[in-house]
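According to the numbering used here, the sequence shown holds residues 1495 to 1978 in order. Ideal placement from N, C-alpha and C gives every residue a C-beta, glycine not left out.
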Amino acid sequence: MSLSVLFATSEAYPLMKTGGLADVSGALPAALTELGVDVRIVMPRYGDLALREDQTTEQVARLDVLGQPVDILRTAMPDSGVPVYLVDHPTFSARQGNPYMGPDGNSWHDNPDRFALFARAAVALATGQADPDWLPDVVHANDWQTGLIPALLHEADTPKTVFTLHNLAYQGVFDRSTFERLGLPWSLWRSDGLEFWGNMSFIKGGIVFSDRITTVSPNYAREIQTHEFGYGLDGLLRHRSESLVGILNGIGSDWEPETDSALVATYSSSALEGKQTNKAALQKELGLPIRDDVPLIVHVGRLVEQKGTDLLIQALSMLGQRDVQFACLGSGESRFEQALRARAEADPERIAVRIGYDEGLAHRMEGGGDAFIMPSRFEPCGLNQLYSLRYGTVPLVHHVGGLADTVTPVTPATLRDGTATGVVMSHLDMNAILWSIDEFSALFHRPDNLARVRQNAMAQHYGWGASARSYLALYRETAIDEPE
Ligand code: ADP
Ligand code: GLC
């Protein structure tokens, strides 16, 4: 029997992306489609969705959501052709730019209203009220923005629900008056419901009410059940541990150095010359001295505490006499953006910084870097270390979350047995970052060892196929569950 799945997400590459959730929401449904699953995405129709010019959208339904008209449009993902339902309402479609915050960097004040409305529209789709021709067996919701979907569907036997935690630090917590304003059933206002220390929590909707919970690496699935990483939800997650599983993310087909059109030269593990060409081109693009005898360490990501940006900035001011180059592409908290710009101005021979969001440059950084540093305080999965492995760009990572699951430290033993893929910091502070830079520099100046680590890294397979098969098995198991 073919399985049908409604995949609910607040962003999906290439239509809208702020981070890894979009990569997952673009690639996983495509991989599931290849396995024969009838998967359809539902997401908000933001003002500037990256639809192709020739792409059509067709209206499927006009819903009445608490007295407001909401249109459901249908289109397809530009590359994969996966069907997409767009929830069209002015609080989404009349705004440009980042889907969660305004140009001033503050969250939109009506985010709970917008995402509650989105959840109600998704529930209408999930129960055949919006598109009567299609009824999913499973609804797969992602992160707090979709947390109300499992809560609202809880009363029904079908469809079943799967909820994925991409990042427990973002919970969608709002005050009690918000709960009242949203017109949610009072049966949800309880401590084993949406209530969270007197407030309402969107993410609890997903954790409490979904049939299965997943997160994006096995290690993070363990970590979030501890006080240190549980953000106040570890008790609840321990309570639901039998329904919680970690499934590692994969790499989409657009992250492949053999075919990557963003690179100046494509390359593969058996023909690595292209990597040098990319390095020189990247140094030129960023205004760094063009040298092949210096390690070029790169970083791409959101500039926030999660990613250890503050510690990285400290380390960059303590480089001393180290002969290394560092390139950073990111956007995020303005204090970090300013501090990074200042570092680059003070040390232009070694440090280059680009503030902003640039998909092409992110690819060229992976292609041209010798190493990629991720000093994350926590990291549910992390995609850039996976891209780095694929691109032979040695990952320097903190031993947490998905980083610990995917990078094997370089030691004499792992160099011998062919498993070494990166430099792993067992704890995290500024000195650990400097240590990782020194470890990598030493490796860089031992070309035989560096080549070995690169080969090991590039031989890793983190495609979406295996992850999609795990999700499919989980959907099947969930779909045949008897109601309790
Ligand atoms: P997170 O989702 O926590 O931000 P991930 O490592 O899972 O972290 O995914 C981040 C994704 O966003 C990667 O595809 C990365 O290349 C991309 N990305 C982050 N910041 C930028 C940026 N400034 N420019 C281009 N791509 C970026
Ligand atoms: C989150 C996490 C990141 C993960 C991504 C996709 O944004 O921070 O670690 O890779 O979601 O699952």
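- The Cβ atoms of His-1793 and Ile-1867 lie closer than 8 angstroms to each other.
- Contact between Glu-1752 and Ser-1762 holds: CB atoms are separated by about 5 angstroms, below the 8 angstroms threshold.
- Shown here, Gly-1746 sits in coil according to DSSP, grouped into three states, outside any helix or strand.
- Listed by position in the chain, the residues whose beta carbon lies within less than 7 angstroms of some heavy atom of ligand 2 are Gly-1513, Gly-1514, Leu-1515, Asp-1517, Val-1518, His-1660, Asn-1661, Val-1710, Asn-1743, Gln-1800, Glu-1873, Pro-1874, Cys-1875, Gly-1876, Leu-1877, Gly-1895 and Gly-1896.
- By DSSP's assignment, Gly-1957 forms a beta bridge with Ile-1745.
- The closest heavy atom of ligand 1 lies less than 7 angstroms from the beta carbon of Glu-1853.
- As DSSP reads the structure, Leu-1813 sits in no beta bridge.
- Proximity to Val-1798 across Asn-1772, Arg-1734, Pro-1789 and Ser-1870 peaks at Ser-1870, based on C-alpha coordinates.
- Along the segment 1601 to 1675, the alpha helix (DSSP H) occurs as fully enclosed runs of 4 or more residues at 1605 to 1620, 1642 to 1647 and 1670 to 1675, listed in sequence order.
- In the DSSP assignment, Thr-1708 is bridged to Thr-1658 and Val-1739.
- Taking a C-beta distance under 8 angstroms as the contact criterion, Thr-1913 and Asn-1943 do not qualify as a contact pair.
- Burial is judged here by how many other beta carbons sit within 10 angstroms of a residue's own beta carbon; Gln-1639 has at least 16 and is buried.
- Ranking Leu-1629, Leu-1662, Leu-1731 and Trp-1691 by CA distance to the CA of Phe-1703 puts Leu-1731 first.
- Proximity of the segment 1778 to 1787 to the segment 1846 to 1854 meets the contact definition, three or more beta-carbon pairs being nearer than 8 angstroms.
- For His-1583, there is no enclosing alpha helix (DSSP H), as DSSP marks it with neither H nor E.
- By the 16-neighbour rule on beta-carbons within 10 angstroms, Ala-1840 is exposed.
- Judged by their CB atoms, Phe-1612 and Pro-1538 are nearer to each other than the 8 angstroms cut-off.
- By the C-beta density criterion, Thr-1503 is buried, having at least 16 other C-beta atoms within 10 angstroms.
- Ala-1846 sits in a strand when the DSSP states are folded into three classes.
- Look at Arg-1884: its beta carbon is at least 7 angstroms from all of the heavy atoms in ligand 1.
- The DSSP assignment places complete alpha helix (DSSP H) segments of no fewer than 4 residues inside the segment 1815 to 1874 at 1828 to 1840 and 1853 to 1862, in order along the chain.
- In the DSSP assignment, Asp-1565 falls within the beta strand (DSSP E) that extends over 1562 to 1570.
- According to the DSSP assignment, Gln-1553 belongs to the beta strand (DSSP E) that extends over 1552 to 1559.
- Per DSSP, the beta bridge partners of Val-1891 are Met-1868 and Val-1918.
- Look at Val-1758 here: in three-state DSSP terms it is coil, with no helix or strand label.
- Of the residues assessed, Thr-1655 falls on the buried side of the cut-off, its CB having 16 or more other CB atoms within 10 angstroms.
- Beta-bridge partners assigned by DSSP to Asp-1532: Ser-1498.
- Setting aside the 5 residues that flank it on each side, Gly-1896 is surrounded in the same chain by Val-1710, Ser-1711, Asn-1713, Tyr-1714, Leu-1742, Asn-1743, Glu-1873, Pro-1874, Cys-1875, Gly-1876 and Gln-1879, each with a C-beta closer than 8 angstroms to its C-beta; the list follows chain order.
- A direct Cα-Cα distance of roughly 18 angstroms separates Asp-1817 from Leu-1776.
- For Ser-1882, there is no enclosing beta strand (DSSP E); the residue is part of the alpha helix (DSSP H) that begins and ends at 1878 to 1884.
- In the DSSP annotation of this structure, Asn-1925 is not part of any beta strand (DSSP E); the continuous alpha helix (DSSP H) holding it starts and ends at 1924 to 1938.
- Here Ile-1807 carries a helix assignment [DSSP, helix/strand/coil].
- Membership of Met-1595 in any beta strand (DSSP E) is not indicated, and neither H nor E is assigned to it by DSSP.
- Between Phe-1830 and Ile-1791, the C-beta gap is not smaller than 8 angstroms, which leaves the two residues out of contact.
- Classified as buried, Thr-1902 has 16 or more neighbouring CB atoms from the shown chains inside 10 Å of its CB.
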